[in-house]
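Everything below concerns the one structure shown next.
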């Protein structure tokens, strides 16, 4: 899911800063190598927008550890969302599958925040149309809980227990000019709670 | 909120760029083994064709099916329309069936506008060509092809056609493709020049946002894209030019003329091509002719339009003018 930049209050406090983010990504990279026994067949697919940047960084770290180039791509899940009909049509982001495809590979989905799990469900549907991976794993920078589907992450940068009144916002250098994970209070946006499900807010961001 | 695409003039620059960018993403779907998206699942789209068309209807049908919509094809021939049913009755029948979108082609200019604004039907209306008036998705697919060839597939994302010089040659008078293209290309920042015999230019063409010339040879060296229009024999109910041979010599595109175009310039044709009349086989079969690419781009562009109009609970395109004229 995307971070909810638009709704973060001014009083947002950082829970992870730049060096922390670099450190947890290094740890996740090592965990991937360990679990995949060398990351031979790993393909990283980032979920736009910030998941793509995280996937790129993970790929660089994996290349550093294994000495091999790890295929990396992006997977836009907009067309597979289950709330597509509840909101105005939104711009599509980029889907880029590595040239060798994902058949028989270990696909690691990469996103910034794991929340309701609906984004990941959509991503699994999207993968289904693209090929048949050997296995699919999930890496997220922050897991903030409140799952609405039976989905869990394989690699978590930081578990961050939150209340639904809080917002988690990830800022990355590539997009926002700084690296940080911010925890803030949700502002009243006038959107009814049922529709304004927090993780479904900022997806329209485009490229 | 209105959710129709009636005219190329309805689109703002940002809308048009959004549609072209979305079409690029749709094009990626076409490269996959499974060329289908679940986006319009459960939505019903009717292709309401009062005029014969193969290319446009198949293109829309492919686009609708790739987005998982339920598709109903309606050809006026052999239907109740040939028994005398009016457009209003047809519309109300479709409304009663709970149709979500109507793609309409009609011989009468303005029929889609009437359908969209009369209150007969709630569905989204997409104009697939009305008389000599408009063919907005055709102009979008032309712009899509031009942007790909002249700006680049990836480099073009988010960009318009500012500064590109486009020449449209042939029967402007009867051409909805020309009308739509002049408006859309102008919106996208291109400079359009129309080239035609004076008899095939409509009254008031001086007020269009484009230049007009009678001399093809003079315009060719300054063109980034040359769009050849079909001479519509079925609409040639008067003597618009002396002979086909003369038309061909003055306004036809052959190898010698093509050589006068800049190296990067492309030749476009909305099809169907009449080889030997407006375009020679040599040009039609050359690498610079994009007629086949335009067909492929048509499916992607129409997918983009249908997704942006029907994908959410509100369309993503704003339709500057329809709101005013409603």
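Protein chains in written order, with the numbering used here: chain G, 890 to 1096; chain V, 2 to 327. Note that the Cβ used here is the ideal one computed from N, Cα and C, for glycine as well.
Strictly by DSSP, which residues pair up with residue i?
i: residue 904(G); result: According to DSSP, residue 904(G) bridges with nothing at all.
i: residue 290(V); result: 268(V)
i: residue 192(V); result: 166(V)
i: residue 935(G); result: 963(G), 999(G)
i: residue 1055(G); result: 1074(G)
i: residue 73(V); result: 47(V)
i: residue 1026(G); result: 997(G)
i: residue 128(V); result: 105(V)
Is DSSP giving residue i helix, strand or coil here?
i: residue 1061(G); result: coil
i: residue 298(V); result: helix
i: residue 283(V); result: helix
i: residue 1043(G); result: coil
i: residue 181(V); result: helix
i: residue 242(V); result: coil
i: residue 314(V); result: coil
i: residue 86(V); result: coil
i: residue 214(V); result: strand
i: residue 254(V); result: strand
i: residue 106(V); result: strand
i: residue 40(V); result: coil
i: residue 942(G); result: helix
i: residue 274(V); result: coil
i: residue 15(V); result: helix
i: residue 61(V); result: helix
i: residue 139(V); result: helix
Tell me the rounded alpha-carbon separation between residue i and residue j.
i: residue 1023(G); j: residue 994(G); result: 5 Å
i: residue 1083(G); j: residue 1067(G); result: Only weak support is given to the placement of residue 1083(G): the predicted model assigns it a pLDDT of 38, under 50, and the question is left unresolved by the model.
i: residue 945(G); j: residue 992(G); result: 21 Å
i: residue 246(V); j: residue 204(V); result: 25 Å
i: residue 20(V); j: residue 242(V); result: 38 Å
i: residue 230(V); j: residue 159(V); result: 28 Å
i: residue 990(G); j: residue 57(V); result: 33 Å
i: residue 182(V); j: residue 189(V); result: 10 Å
i: residue 296(V); j: residue 1007(G); result: 36 Å
i: residue 178(V); j: residue 143(V); result: 9 Å
i: residue 213(V); j: residue 165(V); result: 16 Å
i: residue 198(V); j: residue 172(V); result: 8 Å
i: residue 5(V); j: residue 310(V); result: 7 Å
i: residue 206(V); j: residue 180(V); result: 10 Å
i: residue 120(V); j: residue 187(V); result: 31 Å
i: residue 984(G); j: residue 277(V); result: 43 Å
i: residue 1039(G); j: residue 1046(G); result: 20 Å
i: residue 923(G); j: residue 1043(G); result: 12 Å
i: residue 131(V); j: residue 1053(G); result: 52 Å
i: residue 219(V); j: residue 240(V); result: 26 Å
Using 8 Å for Cβ pairs, my map puts residue i next to residue j. What's the rounded Cβ distance?
i: residue 285(V); j: residue 274(V); result: 6 Å
i: residue 45(V); j: residue 306(V); result: So it is not a contact: roughly 17 Å between Cβ atoms.
i: residue 1033(G); j: residue 1051(G); result: 5 Å
i: residue 211(V); j: residue 194(V); result: 6 Å
i: residue 1057(G); j: residue 1031(G); result: 6 Å
i: residue 937(G); j: residue 1011(G); result: Wrong, their Cβ atoms sit about 12 Å apart, outside the cutoff.
i: residue 901(G); j: residue 969(G); result: Contact doesn't hold; Cβ gap of about 30 Å is too wide.
i: residue 116(V); j: residue 141(V); result: Actually they do not touch by this definition, with Cβ atoms about 20 Å apart.
So does residue i have its beta carbon nearer than 7 Å to some heavy atom of the ligand HEM?
i: residue 1004(G); result: This structure does not include the ligand HEM; it has no bound ligands of any sort.
- Message: Across the region 125-133 of chain V and the region 87-105 of chain V, are there enough close Cβ pairs to call them in contact, namely three or more that are closer than 8 Å?
- Response: yes
- Taking three-plus beta-carbon pairs below 8 Å as touching, is the region 304-320 of chain V in contact with the region 6-19 of chain V? yes
- Say whether the region 242-258 of chain V touches the region 107-124 of chain V, bearing in mind that this needs 3 or more beta-carbon pairs closer than 8 Å, one atom from each stretch. no
- Message: For the region 1054-1070 of chain G against the region 907-915 of chain G, do three or more pairs of beta-carbon atoms, one drawn from each stretch, fall closer than 8 Å, so that the two count as touching?
- Response: Three or more Cβ pairs closer than 8 Å define a contact, and the region 1054-1070 of chain G meets that threshold against the region 907-915 of chain G.
- Message: Tell me whether the region 925-938 of chain G and the region 953-962 of chain G touch, counting them as touching only if at least three CB pairs, one residue from each stretch, are closer than 8 Å.
- Response: yes
- If contact means a Cβ-Cβ distance below 7 Å, which residues of the region 299-315 of chain V contact chain B? Protein chains G and V are contained in the structure displayed, whereas chain B is not.
- For the region 59-70 of chain V and the region 994-1004 of chain G, state whether three or more C-beta atom pairs, one from each stretch, are separated by less than 8 Å. no
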